[in-house]
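Structure first, then comments.
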């Protein structure tokens, strides 16, 4: 009887140990998947109602123009634009420019938009302390006040 008891205990020990070893091996794999998803989320810059599509460089200046897509149902919500401005330009000290669209097909690949792309643009934010400029220009489709909107 002692022999059976020892064999049973040995069997339980081996099964328990192998289960523990297998679970420890899967934890790093699961953790690696979570870390890669977090890194992917960090590389995609977005917020509620907006998403950074691209940031082409202005020549070789090291300065970039951020091209942002605003959700169509948030087109009139200026807080969404402000959130993108704060996220993308909040720490800028020398220059920051963001252009906003509600249709991704109009977002230019290059810094300078075509007339058709410009017409579809909803807003333009420019921060340039060298020229003492910090302003947001709105499309009249977003801000109907003719005193500070632009028909692109």
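Residue numbers (the numbering used here): 6 to 157.
Even glycine gets a Cβ: it sits at the ideal position worked out from N, Cα and C.
Please go through the same chain and pick out, in chain order, the residues whose beta-carbon is closer than 8 Å to the beta-carbon of residue i, but skip the five residues on each side of it.
| i | result |
| --- | --- |
| residue 140 | 130 and 131 |
| residue 85 | 52, 53, 54, 55, 75, 76 and 79 |
| residue 69 | 60, 61, 62, 63 and 102 |
| residue 93 | 50, 57, 71, 73, 101 and 103 |
| residue 97 | 132 |
Residue i bridges to which residues according to DSSP?
| i | result |
| --- | --- |
| residue 155 | 144 |
| residue 2 | This structure does not reach residue 2, given that the chain is present from 6 up to 157, and the question cannot be answered. |
| residue 139 | 132 |
| residue 63 | In DSSP, residue 63 forms no bridge with anything. |
| residue 71 | 103 |
| residue 52 | 55 |
CB-CB under 6 Å to residue i, same chain, minus the five flanking residues each way: which ones, in chain order?
| i | result |
| --- | --- |
| residue 143 | 128 and 154 |
| residue 122 | 111 and 113 |
| residue 46 | In this prediction, residue 46 has a pLDDT of 45, which is less than 50 and means its spatial position is unreliable; nothing more can be read from the coordinates. |
| residue 145 | 154 and 156 |
Can you list, in chain order, the residues of its chain whose CB lies under 7 Å from that of residue i, leaving out five sequence neighbours each side?
| i | result |
| --- | --- |
| residue 125 | 106, 108 and 111 |
| residue 192 | Here the chain covers residues 6 to 157 and nothing more, so residue 192 does not appear. |
| residue 81 | 147 |
| residue 67 | none |
| residue 116 | 61, 63 and 70 |
Determine the burial state of residue i: buried for a count of at least 16 other Cβ atoms within 10 Å of its Cβ, exposed for fewer.
| i | result |
| --- | --- |
| residue 77 | exposed |
| residue 71 | buried |
| residue 118 | buried |
| residue 89 | buried |
| residue 101 | buried |
| residue 73 | buried |
| residue 138 | exposed |
| residue 37 | Low per-residue confidence applies at residue 37: pLDDT is 46, beneath 50, and the placement is therefore not dependable enough to give any value. |
| residue 151 | exposed |
Run the proximity test for residue i: is its beta-carbon closer than 7 Å to any non-hydrogen atom belonging to the ligand HEM?
| i | result |
| --- | --- |
| residue 77 | For the ligand HEM, the structure offers nothing, since it holds no ligand at all. |
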